[in-house]
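For reference, the structure is listed below as structure tokens.
Numbering (my numbering), first residue to last: 842 to 1574.
Here it is, written out as structure tokens:
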């Protein structure tokens, strides 16, 4: 019996280990989304010739290996099935050919002119343009014109391997199939000219093209319209002599083609009056059509390709708009932060500033605690060493590690322990509020320590009877690690600088759970702490705004909190914050339509919070995606300069925030690395919060593991555990 139990336990552990090795859904979904976005961006870059494009052009070479009959022959070269032959267009027949299209501006104009004069032509289209404008290729075929391959990315094929040539042909053909449902056997090499320009580098390519089933079509009359020499000159160069037939080279893409369109409108009727006909190539040669209909799987592959290209263009367009939006939001936020935080600092630091009569009445400090044995002694002792009279109520929320016993064993006067079954932080705070003796309530976390002046500074704004709550200045105490240093930057810049701005705008979104103060009457009017969201601090702050209370920021009320020291714990904390903030915004959404203080907060505060705390962080990864794309595929130098410019702006804001908070600047050394690594984690957390919200998922409270290493600088806390001796820092085998 024991043996079977152990085997079952071993098997269970093996299965659990297998499950642990699987990628969590919270990582898998954002990763899949990121891969999809990058794939769309890469596809768009390839179709727009930003990726894998080769713009080299080979100079002229010898012609020793080119057969004389090719050099002296016509512009239609057939090397299929081992043949080496060429054909010319009969007299009084002209085959107009247009290269490099289709172009959304000029190709429709060319087609209109051809239709007007009942003429046909051959369009040698590139895969890049066909993929982007498939409807124009379909129009060409529907109106009786022929289309031919001009490669996908327009490289000089004499530089390319056979594998690359096959790829250029197949993807070009795939795009034509997806656009018009046909396959063509006509091909024109990029940068080609007359048959007598064939040389020892281009001839092997022509031979190989024939083995793939294509007829190579060059030209023997070049209008040189790409030079834009004028309408008369284009007509003169495109007109053959002595009534001979010709293949005329023109362009419907690659730049401004208004001269080509004007010349074509005069050229067609003029030569038709001289007895010329304008036919497709196969019509002029009295040969079978070069186009064959495609059906079945090959047709669906082509349609899928065109759809994906269209999707990539659309998604990339949305991403570009998003990038512009985030750029405006980021710049606006930085500007507001710098200006309004300076206004706030000048206002509260000016000589003689005061909120009203000094607040000296005793304060009740509520400390909700769940398994805070490692931290609670430091927390309570820091409160008892303060400069303001306090009553401390530690609400033990069903701890299993002896948290309550530790507090009771201290025997400190004015400190009470209230026990309850585990019910969550909001319930613990409400329980503490019911047991409080005073009208001013300070709330803090069980892993936080206060400086001696913190409570006194925190309650002074209550000298103004309009103030219902005060946000303190939360500091990261364990900032010696890299991840702690990154959070330190975030707290000083992203939280406290923001709070100065929101104070001026009178839409403070959150009283931090680590250090906040409330009027008891204000809390009771809004129903106390709510369990409706996972961000009870944000929820109660919004409720107070809607009830007409002012919520302000006290910069000197410093509290030192223990920030998460592992990626997993940081993830858990920020996931809860992000999701809870979304819940709070949704809960108070009706404020947008209400009147009075609630309406003001709804139309000012909620949009600010939504833009700067939800939308902007969600779109911010676009900066990094386009940064990586620009560094790899260009323009590299401009991309790096732009990124450094954004980083410089952030560094200025961070330095200003550190100066306001009188923090040492050395932690800003890690700012560039924070932007590269730390932000990505925050992006994924927010994205996962969005997914949870949109799918109707629910998230429960997650307890972070504490080490009890934080104390206020210069504080009187006598017990300080060695960081290196903490069992929580020891790897678990």
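We put the beta carbon where it would ideally sit given N, CA and C, even for glycine.
Bounds of the beta strand (DSSP E) holding residue 1394 are 1391 to 1402. Among the bridge pairs identified by DSSP, residue 1454 is matched with none. In the three-state DSSP reduction, residue 1490 falls in the helix class (H, G or I). Short of 6 Å from the beta carbon of residue 1156, and not among the five residues preceding or following it, lie these beta carbons of its own chain, in chain order: 881.
Assignment of residue 1316 by DSSP, reduced to helix, strand and coil, places it in the strand class. By the 16-neighbour rule on beta-carbons within 10 angstroms, residue 1000 is exposed. Residue environment analysis places residue 1141 among the exposed positions, since fewer than 16 neighbouring C-beta atoms fall within 10 angstroms of its C-beta. Three or more beta-carbon pairs separated by less than 8 Å are not found between the stretch 1178 to 1189 and the stretch 1200 to 1213, which leaves the two stretches without contact.
For residue 1056, there is no enclosing alpha helix (DSSP H); the enclosing beta strand (DSSP E) covers residues 1056 to 1058. With a 10 Å radius around the Cβ and a threshold of 16 neighbouring Cβ atoms, residue 1073 comes out exposed. Positions of the alpha helix (DSSP H) runs, each at least 4 residues long and wholly inside the stretch 957 to 981, are given as 968 to 973 in order along the chain.
Between residue 1355 and residue 1336, the gap from beta carbon to beta carbon reaches 8 Å or more. Per the coordinates, the alpha-carbon of residue 1533 lies some 31 Å from the alpha-carbon of residue 1236. The DSSP assignment places 1132 to 1134 as complete runs of the beta strand (DSSP E) inside the stretch 1102 to 1141, in order along the chain (cut-off: 3 residues). For residue 1515, there is no enclosing beta strand (DSSP E), as DSSP marks it with neither H nor E. For residue 1172, the number of other beta carbons within 10 angstroms of its own is below 16, and it is reported as exposed. Rounded to the nearest whole angstrom, the CA to CA distance from residue 985 to residue 1119 is 12 Å.
One alpha carbon belongs to residue 1400, the other to residue 1183, and they sit about 22 Å apart.
Going by C-alpha positions, residue 1263 is about 22 Å away from residue 1420.
For residue 1357, there is no enclosing alpha helix (DSSP H); the residue is part of the beta strand (DSSP E) that begins and ends at 1357 to 1360. Within its own chain, the residues whose Cβ lies closer than 6 Å to the Cβ of residue 1360, once the five positions on either side in sequence are excluded, are 1309, listed in chain order. In terms of CA proximity to residue 1294, 1227 leads the group 1428, 1258, 1227 and 1304.
Counting other Cβ atoms within 10 Å of its Cβ, residue 1297 reaches 16 or more and is therefore classed as buried. With respect to the 8 Å criterion, residue 1169 and residue 1206 are not classified as neighbours on the basis of their beta carbons. Residue environment for residue 1229: buried (at least 16 other C-beta atoms within 10 angstroms of its C-beta). Boundaries around residue 1023 are those of the beta strand (DSSP E), 1023 to 1025, since no alpha helix (DSSP H) includes it. Cβ atoms of residue 1403 and residue 1318 come within 8 Å of each other, at about 6 Å.
Straight-line measurement puts the Cα of residue 1383 at about 9 Å from the Cα of residue 1352. Residue pairing by DSSP puts residue 988 in a beta bridge opposite 964. For the options 1290, 1288, 1287 and 1282, the alpha carbon positioned closest to that of residue 1300 is the one of 1282. Rounded to whole angstroms, residue 1441 and residue 1348 show a C-alpha spacing of 9 Å. For residue 1324, the closest of 1520, 1131 and 914 by C-alpha to C-alpha distance is 1520. In the assembly as shown, residue 940 is a buried residue. Its beta-carbon has 16 or more other beta-carbons within 10 Å.
Inclusion of residue 907 and residue 1063 in the CB contact set at 8 Å is not warranted, their separation being larger than that value. In this structure, the straight-line span from the alpha carbon of residue 1253 to that of residue 1512 is close to 42 Å.
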